[in-house]
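Contents: one structure, followed by commentary.
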Amino acid sequence: MSFYFTLNTGSSSVKFTLYKALEEPELFISGMVERLGLSARLRVRSQSENVVQELGKVDHDNAVSVILEKLEPYLQGGSVVGVGHRIVHGGNAFYRPTKLTPAVVEELEKLIPLAPLHQPFSIATIRAAMQVFPDVVQVGCFDTAFHAGHTFCNDAFAIPRRFYEEGVRRYGFHGLSFDFISSEMQRLFPEVANGRLVIAHLGNGASMCAVREGRSINATTSFSAVDGLPMGTRCGRLDPGVMLYLMQEKQLSAKEIENVIYRESGLLGLSEESADMRELEQSGSTFANEAIEYYCYQIRREVGAMAASLEGVDALVFSAGVGENSARVRRQVCEALGFFGIAIDEEKNNANAVEIGAGSVRVFIIPTNEEQVIARAVAGMVSLSQ
Ligand code: ADP
22 MSFYFTLNTG SSSVKFTLYK ALEEPELFIS GMVERLGLSA RLRVRSQSEN
72 VVQELGKVDH DNAVSVILEK LEPYLQGGSV VGVGHRIVHG GNAFYRPTKL
122 TPAVVEELEK LIPLAPLHQP FSIATIRAAM QVFPDVVQVG CFDTAFHAGH
172 TFCNDAFAIP RRFYEEGVRR YGFHGLSFDF ISSEMQRLFP EVANGRLVIA
222 HLGNGASMCA VREGRSINAT TSFSAVDGLP MGTRCGRLDP GVMLYLMQEK
272 QLSAKEIENV IYRESGLLGL SEESADMREL EQSGSTFANE AIEYYCYQIR
322 REVGAMAASL EGVDALVFSA GVGENSARVR RQVCEALGFF GIAIDEEKNN
372 ANAVEIGAGS VRVFIIPTNE EQVIARAVAG MVSLSQ
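Residue numbers (our numbering): 22 to 407.
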C-alpha cells in the first residue's frame, strides 16, 4: 500500500494525515503533535482507535521524524510516496501547488518578513521532511494561492506605490479551505457552483471569500490573516490610527501590539471570557452576547462587501467549526439580510442540514477539509513525476 502524507505546521503544533494513495486520496489516519518545544503530546486517530501519548521534548526540527516513527506500525510495510505541506504564504511567485526543491525553499525563506509568525515553522518542517524523505516528492500548497489574480482594487492598499511593488498587498488567506468548499459546491450543486458565491470560513481563524466561476475575486483577510472578520483572538479590521495610538500614547512595542491584535482580541477581547464560540453561546453574559452580536454583524457587513464585488450573490456558504455547527450564528447573520434575498429555514438550520436557505439566495453548510486539497495536490504531482 502506498500513502500520501500531509503536514500542517502551526507555531506549537504539527497536524498530519496519512491518505491512501488513490486517484481521489482516501483518509487513513490523522493526528497531531501539540505543545512543541515543551513536553509534547501525540494524538493519532485511525478508524479503530484514538491514541494519546506523551512524548517529552520535541520541537519543529524533529517532529516529522518522531511522527513517522510512531506511524510506522500503521503503515504495515507500505510506504509514503508523496508529502504535502500547508504553507501560509506563497507571495506573488507561488500561485499553485509547487514541487519543493532546495531552490524553492530558499525562495520561501525570503517571504518570512510577510508572515513572520507562521512561515518559519512551515520551513522548519519542510526541511525536516526533506531529510526524513530524501527521495519522495514534496509539494507546497499555499493558503494565498486560491486568491491569486485579484484585480488591482482588491490587491492594493492606498499607500504609496513603492510599498505595493515590494509586496505590501492584499494576499488573502484560508485559500485551501475556500478551494475545497468550491470543489464541493461543484460536486454537489453544479447548478450554482459556477455562479456568485460568498463563502464564510468561521473557525478559530475566520474569513470570507467572494468566488465567481470557481475563482476567488475578493477576500476579507488581506496582507495578514488578522484583517477582516473578528476571530477567536484576532481583532479583524482595525483603523491603523488605533495602532499609532497604541504605539505613541500607550508606548506599546511591536511585540506587545502583536500580542494585543493576535492573541487578546476578537471574541476573547470583547467577551473577556472565552475565544470559543460554544462557551460564549452557553455563557449568556452581556459581554458574551455582545461579542456574538458583533461577530455576526461583521459577517453581515462583509456579505454586503463581497456581494458588491460579485455584483450580486447566488449562494452563501457557511463552513468550519462555527459555520458548520452554530445555528445561532447562522441565524443572527442571516436574519437582517432579507433585503438581499437571504433567509433561512429555522428547522433545517437547527438540524445543520446541507441546504438551509428559504429565500432567493441559496444558503449551504459545507464542511471544509483543507487536508484533502493538499492530498489531491500531492496525487497530481506524484502522477506527473511518474
Ligand atoms: P480551527 O480554525 O482551529 O480549525 P475550528 O474550525 O475547529 O477551528 O473551529 C473552532 C470554533 O468552532 C470554536 O470557536 C468552537 O467553539 C466552534 N464550535 C465547534 N462546535 C460548535 C458548536 N456545536 N456550536 C458552536 N460553536 C462551535
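For each residue, glycine too, the CB sits at the ideal point set by N, CA and C.
Per-residue DSSP class, three states only, for residue i
i    : result
C355 : helix
K464 : Absent from the structure is residue 464, since the part of the chain shown begins at 22 and ends at 407.
E55  : strand
I50  : strand
E205 : helix
V384 : strand
G362 : coil
K36  : strand
G378 : strand
N310 : helix
S60  : strand
Q74  : strand
V334 : coil
Alpha helix (DSSP H) segment containing residue i, residue limits
i    : result
S304 : M298 to S304
G342 : A341 to N346
V281 : A275 to R284
S292 : G287 to S292
A396 : E391 to L405
E367 : E367 to N371
Bounding residues of the beta strand (DSSP E) (the contiguous stretch that carries residue i)
i   : result
L28 : S23 to T30
V87 : Segment H81 to L96 is the alpha helix (DSSP H) holding V87; no beta strand (DSSP E) there.
Straight-line gap, residue i to residue j (C-alpha atoms, nearest Å)
i    : j    : result
P134 : S381 : 44 Å
A214 : Y116 : 22 Å
L419 : K276 : Look at the range of the chain in this structure, 22 to 407, and you will see that residue 419 is not part of it.
G333 : R217 : 7 Å
M229 : L89  : 35 Å
H81  : G378 : 44 Å
L259 : G290 : 14 Å
I147 : S100 : 19 Å
G193 : A169 : 9 Å
V350 : L405 : 43 Å
A124 : D156 : 16 Å
G359 : A400 : 43 Å
S304 : G325 : 30 Å
A61  : K78  : 6 Å
E376 : K369 : 7 Å
I108 : A336 : 29 Å
Q272 : S286 : 18 Å
V87  : S34  : 13 Å
Y185 : F37  : 35 Å
E302 : E314 : 11 Å
E205 : F163 : 19 Å
Residue closest to residue i, alpha-carbon to alpha-carbon, out of the options
i    : options                   : result
V247 : R233, L265 and I278       : I278
V65  : G52, G378, L59 and Q74    : G52
A357 : I386, F339, A400 and Y318 : Y318
E127 : V157, V104, G103 and G161 : G161
Y25  : C355, R397 and S406       : R397
G58  : R233, L76 and E47         : L76
V54  : G31, Y266 and V350        : G31
A221 : R236, E212 and A240       : A240
V153 : V85, V35, V281 and E70    : V85
P94  : G105, L121, I50 and K120  : I50
A114 : A231, S204, A150 and F167 : F167
P137 : G112, R182, V158 and M151 : G112
G226 : F244, C256 and Q207       : C256
Q407 : V102, H195 and V35        : V102
F361 : A341, E345, R383 and E368 : R383
A341 : I365, H110 and F385       : F385
V232 : V158, M268, A328 and I144 : A328
V236 : I202, V109, A150 and M264 : Going by the sequence as given, residue 236 is Arg instead of Val. R236 has its Cα closest to that of I202, out of I202, V109, A150 and M264.
G344 : S292, M402, D176 and M252 : M252
H195 : S23, T389 and Q272        : T389
A309 : N280, T254 and S292       : S292
T242 : E285, R190, M298 and S274 : R190
I363 : R321, S204, E391 and N280 : R321
K18  : R208, L39, N346 and D297  : With the chain covering 22 to 407 only, the question about residue 18 has no answer from this structure.
S67  : K41, N83 and V87          : K41
T254 : G262, Q269, I238 and M298 : M298
Cutoff 8 Å: residue i Cβ touching any chain C Cβ
i    : result
L405 : In the displayed structure, chain C is absent; only one protein chain is listed.
Practice item. Report the residue ranges of all beta strand (DSSP E) runs contained in full by the stretch 99-125; include only those spanning at least 3 residues, in chain order. Key: Within the stretch 99-125, the complete beta strand (DSSP E) runs of at least 3 residues are 100-108.
Point to revise | Start-end ranges of the beta strand (DSSP E) lying completely within the stretch 215-260, minimum 3 residues | key: Listed in chain order, they are 217-223, 227-233 and 236-240.
Exercise for review: Jot down the residue ranges of each uninterrupted alpha helix (DSSP H) in the stretch 133-221, minimum 4 residues, whole runs only, in chain order.
Suggested key: The stretch 133-221 contains these whole alpha helix (DSSP H) runs: 140-153, 182-186, 196-209 and 211-214.
Review point. Which residues count as close to ligand 3 when the rule is a CB under 6 Å from any of its heavy atoms, in chain order?
Key: Ligands displayed in this structure: ligand 1; ligand 3 is not among them.
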